[in-house]
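S.K.: Next up is a structure, given as structure tokens.
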Amino acid sequence: MTTIDVQNVIDGSSESGEQQRIRLGGVTREEVLTMVGAGAGSLALDWLLYERILPFSGAFGFLLCWYLLFLALYAIAGRLQWDALTVRERLATALAWSSGLLVLALIGDQIGYVAYRGVDAARHLNFFTETMRSTAALDPITSGGCLHAVVGSLEQLGMATLFSVPLGVLTAVFLVEAGQTRRGARLVKPVRVLVEAMTALPSIVAGLFVLGVVVLTLGVEKSGFAASLALTVMMMPIVTRAAEVVVRLVPGTLKEASYALGASQWRTVWHVVLPTARPGLTTAVVLGMARGVGETSPVLLTAGFTTRLNLDAFHGNQTSLPLFVWNYIKQPYPDMVARAFAAGLTLMAVVLILFVTARILGRHRTPTDRRTRRPLRRARADASNSLVQPAN
37 MTTIDVQNVI DGSSESGEQQ RIRLGGVTRE EVLTMVGAGA GSLALDWLLY
87 ERILPFSGAF GFLLCWYLLF LALYAIAGRL QWDALTVRER LATALAWSSG
137 LLVLALIGDQ IGYVAYRGVD AARHLNFFTE TMRSTAALDP ITSGGCLHAV
187 VGSLEQLGMA TLFSVPLGVL TAVFLVEAGQ TRRGARLVKP VRVLVEAMTA
237 LPSIVAGLFV LGVVVLTLGV EKSGFAASLA LTVMMMPIVT RAAEVVVRLV
287 PGTLKEASYA LGASQWRTVW HVVLPTARPG LTTAVVLGMA RGVGETSPVL
337 LTAGFTTRLN LDAFHGNQTS LPLFVWNYIK QPYPDMVARA FAAGLTLMAV
387 VLILFVTARI LGRHRTPTDR RTRRPLRRAR ADASNSLVQP AN
């Protein structure tokens with residue numbers, strides 16, 4: 037029972053003279069039967085409209101009409117047995133659950149399709165241990181792999197993270213701390229406008245900027261370093277915006293206590309603000325890495341393409357996984373297309389590993405956690421023993 041008839045509860049408690057315990061949450065049988073009936077009825081009505089009455093066709097339209105009819109029938113059936121507030125609550129719950137299931141279904145569909153198309157190449161160990169240096173277009177799937185692309189992606193993403201995270205966090209701290217004064221607010225405004233403009237910057241523009249300034253003007257050759265600079269342009273505003281939100285959530289009482297103890301502003305930021313916001317800053321870093329690891333346009337213009345393994349990110353062309361996928365997905369050979377899908381599956385695995393690693397490293401633990409864990413366990417054991425032993 038998720039909603040309560042307040043008047044009935046008041047009347048019942050006044051008659052009996054006792055307060056009734058209210059159970060929140062849970063699903064009743066009436067709710068399940070109403071939802072199943074609305075789903076079955078909407079499906080039958082949708083089939084009748086599509087197949088017998090209206091000249092409609094297409095799976096997408098059929099599913100969309102089914103969903104809309106389900107909501108309408110669910111609201112009508114619910115109104116026959118519930119009050120208006122309960123009906124709105126149940127509809128909101130149905131919308132939330134269906135939206136979440138739709139997102140999960142789309143993600144599962146994408147992962148499943150990529151895995152299905154790339155399993156022929158990914159099931160062979162050579163795909164992860166070899167490069168495409170000696171592999172031709174008509175060679176079998178047991179030849180060649182994406183080792184050089186994996187190494188290139190990790191090096192480029194690592195350097196881009198090394199460049200963008202300190203700059204993004206420092207910019208976020210500047211926007212929060214300097215904006216608290218009238219003089220600092222004047223300096224914060226143009227920086228905020230620039231960060232917001234960079235957030236909406238197309239990735240191809242970032243690649244053209246690095247190509248024109250770094251490669252053509254300064255004479256730096258196309259390499260993993262140039263690609264990491266282009267990725268830095270894309271990642272830094274994402275890290276800045278996310279880190280700014282997290283830094284603003286740090287309680288002001290913590291900073292006031294630090295100031296009261298005589299700490300300066302930079303010591304307060306270093307020893308109080310940043311440690312407190314560390315889990316959120318880790319999320320900001322993950323968001324920036326997720327934005328940069330899948331970019332193709334900046335890497336295409338700045339890194340070049342090669343089929344060899346290049347461990348030196350500062351000299352020579354270097355291939356990344358998105359560039360590997362882009363180069364081989366358009367070829368008319370089935371084995372090359374399978375390699376491209378397998379590289380896409382590898383990219384998903386790399387993102388998952390980076391995300392899990394970042395979340396593990398970003399766990400908020402205080403220095404006293406390990407020292408207090410054992411005494412707490414002993415105290416709990418003593419308390420449980422005292423409750424079990426009978427009183428004398």
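Residue numbers for the sequence shown follow my numbering, beginning at 37 and rising by one.
We treat Cβ as the ideally placed atom computed from N, Cα and C, and that holds for glycine.
Just so it is clear, the structure is predicted and the values come from calculations on it, not from any experiment.
1. Does DSSP classify Arg407 as helix, strand or coil?
2. Are there three or more Cβ pairs, one per stretch, closer than 8 Å when the stretch 260 to 271 is compared with the stretch 322 to 338?
3. Taking Glu166 and Gly180 to be in contact with their CB atoms under 8 Å, please state how far apart those CB atoms are, rounded to whole angstroms.
4. Look at Ala378 and Gly188 and say whether their C-beta atoms are less than 7 Å apart.
5. Pull up the CB-CB distance for Thr312 and Leu290, whole angstroms please, since I reckon it's below 8 Å.
6. Give the list of continuous alpha helix (DSSP H) stretches no shorter than 4 residues that lie fully inside the stretch 189 to 269.
7. Could you check the C-alpha separation between Thr402 and Leu131 for me, to the nearest Å?
8. Would you report the Cα separation of Leu381 and Arg222, rounded to the nearest angstrom?
9. Assess contact between the stretch 201 to 216 and the stretch 268 to 282, defined as three or more Cβ pairs (one per stretch) separated by less than 8 Å. Is contact present?
10. Taking the C-alpha atoms as reference points, what is the distance between Leu105 and Trp118?
11. With the cut-off set at 7 Å, would you say Arg344 and Arg169 are in Cβ contact?
12. Taking only the alpha-carbon atoms, compute the straight-line gap between Ala374 and Ala157 and give it to the nearest angstrom.
13. Would DSSP call Lys366 helix, strand or coil?
14. Could you tell me the distance, in whole angstroms, from the CA atom of Trp456 to the CA atom of Ala208?
15. Can the beta-carbon of Val205 be found less than 7 Å from the beta-carbon of Gly215?
16. Considering Glu292, what are the terminal residues of the alpha helix (DSSP H) in which it resides?
17. For Leu140 and Ser294, what's the separation of their Cα atoms in angstroms?
18. Pick helix, strand or coil for His351, following the three-state DSSP scheme.
19. Please state whether DSSP places Asp47 in a helix, a strand or coil.
20. Which residues mark the beginning and the end of the alpha helix (DSSP H) in which Pro315 is found?
21. Closer than 8 Å by C-beta to Ala172: which residues in its own chain qualify, once you throw out the five before and the five after it? Chain order, please.
22. For Gln367, is the classification buried or exposed, using 16 other Cβ atoms within 10 angstroms of its Cβ as the cut-off for buried?
23. Count the other CB atoms, across all protein chains shown, that sit within 10 Å of the CB of Phe163; report buried if there are 16 or more and exposed otherwise.
24. Tell me where the alpha helix (DSSP H) around Gln146 begins and ends.
25. Tell me the residue span of the alpha helix (DSSP H) that contains Leu109.
26. Please say whether Asp371 and Ile177 have beta carbons closer to each other than 7 Å?
27. Among the residues of its own chain, which have a CB less than 7 Å from the CB of Val424, if the five just before and after it don't count?
28. For Ala196, which residues from the same chain have a beta carbon less than 7 Å from its beta carbon, with the 5 sequence-adjacent residues on both sides left out?
29. Figure out for me which residue from Tyr152, Ala95, Val335 has the closest Cα to the Cα of Phe245.
M.R.: Quick answer:
1. On the sequence shown, position 371 is the one that residue 407 refers to. Because the pLDDT at Arg407 is just 47, under 50, the model does not fix this residue reliably, and the point stays unresolved.
2. yes
3. Locating residue 166 in the sequence shown gives position 130, counting from the first residue. Locating residue 180 in the sequence shown gives position 144, counting from the first residue. With a Cβ gap of about 6 Å, Glu166 and Gly180 count as contacting.
4. Along the sequence shown, read from residue 1 onward, the residue named residue 378 stands at position 342. Along the sequence shown, read from residue 1 onward, the residue named residue 188 stands at position 152. For Ala378 and Gly188, no; Cβs fall outside 7 Å.
5. As a position in the sequence shown, residue 312 is number 276, starting the count at 1. As a position in the sequence shown, residue 290 is number 254, starting the count at 1. Indeed, because the Cβ distance is near 6 Å, the residues count as touching under 8 Å.
6. 218 to 235, 239 to 246
7. In the sequence shown, residue 402 corresponds to position 366, counting from 1. In the sequence shown, residue 131 corresponds to position 95, counting from 1. Below a pLDDT of 50, predicted positions are generally treated as unreliable, and Thr402, at 44, falls in that range; no measurement from the model is reported.
8. By one-based count along the sequence shown, residue 381 stands at place 345. By one-based count along the sequence shown, residue 222 stands at place 186. Distance between the alpha carbons of Leu381 and Arg222: 47 Å.
9. yes
10. Locating residue 105 in the sequence shown gives position 69, where the first residue counts as 1. Locating residue 118 in the sequence shown gives position 82, where the first residue counts as 1. Taking the straight line joining both Cα atoms gives about 19 Å.
11. The residue given as residue 344 occupies position 308 in the sequence shown. The residue given as residue 169 occupies position 133 in the sequence shown. Yes, the Cβ-Cβ distance between Arg344 and Arg169 is below 7 Å.
12. Here residue 374 is taken as the residue at index 338 of the sequence shown, counted from 1. Here residue 157 is taken as the residue at index 121 of the sequence shown, counted from 1. Their Cα atoms are separated by approximately 6 Å.
13. As a position in the sequence shown, residue 366 is number 330, starting the count at 1. DSSP places Lys366 in coil when its eight states are reduced to three.
14. The requested residue 456 does not occur in the structure, where the chain is confined to residues 37 to 428.
15. In the sequence shown, the residue the question calls residue 205 occupies position 169. In the sequence shown, the residue the question calls residue 215 occupies position 179. No, the pair does not count as a contact, with Cβ atoms beyond the cut-off.
16. On the sequence shown, position 256 is the one that residue 292 refers to. Element bounds for Glu292: 288 to 296.
17. The sequence position of residue 140 within the sequence shown is 104, counting from 1. The sequence position of residue 294 within the sequence shown is 258, counting from 1. Cα-Cα distance, rounded: 44 Å.
18. As a working mapping, residue 351 is identified with position 315 in the sequence shown. Coil at His351, not helix or strand.
19. The count along the sequence shown starts at 1 and reaches residue 47 at position 11. Note on Asp47: pLDDT 48, under 50, position unreliable in the model; the coordinate value appears next. Helix.
20. As a working note, residue 315 is residue 279 in the sequence shown. Start and end: 314 to 329.
21. The count along the sequence shown starts at 1 and reaches residue 172 at position 136. Answer for Ala172: no residue qualifies.
22. For this step, residue 367 is matched to residue 331 along the sequence shown. Under this definition Gln367 is an exposed residue.
23. Along the sequence shown, one-based indexing puts residue 163 at 127. So Phe163 counts as buried.
24. The sequence position of residue 146 within the sequence shown is 110, counting from 1. Looking at the DSSP string, the run of the alpha helix (DSSP H) that includes Gln146 is 120 to 158.
25. Looking up residue 109 in the sequence shown gives position 73. From DSSP, the alpha helix (DSSP H) with Leu109 extends over 95 to 115.
26. Walking along the sequence shown from the start, residue 177 turns up at place 141. Walking along the sequence shown from the start, residue 371 turns up at place 335. For Ile177 and Asp371, yes; Cβs fall inside 7 Å.
27. Numbered from its first residue, the sequence shown carries residue 424 at position 388. The pLDDT assigned to Val424 is 46, lower than 50, so where the model puts this residue is not dependable; a value taken from the coordinates is nonetheless given after this. Cβ within range, chain order: n/a, list empty.
28. Translated into positions along the sequence shown, residue 196 becomes position 160. Same-chain partners within the cutoff: Ser264, Leu267, Thr268, Met271, Gly328.
29. Residue mapping note: residue 245 aligns to position 209 of the sequence shown, counting from 1. Of the candidates Tyr152, Ala95, Val335, the one whose C-alpha sits nearest the C-alpha of Phe245 is Val335.
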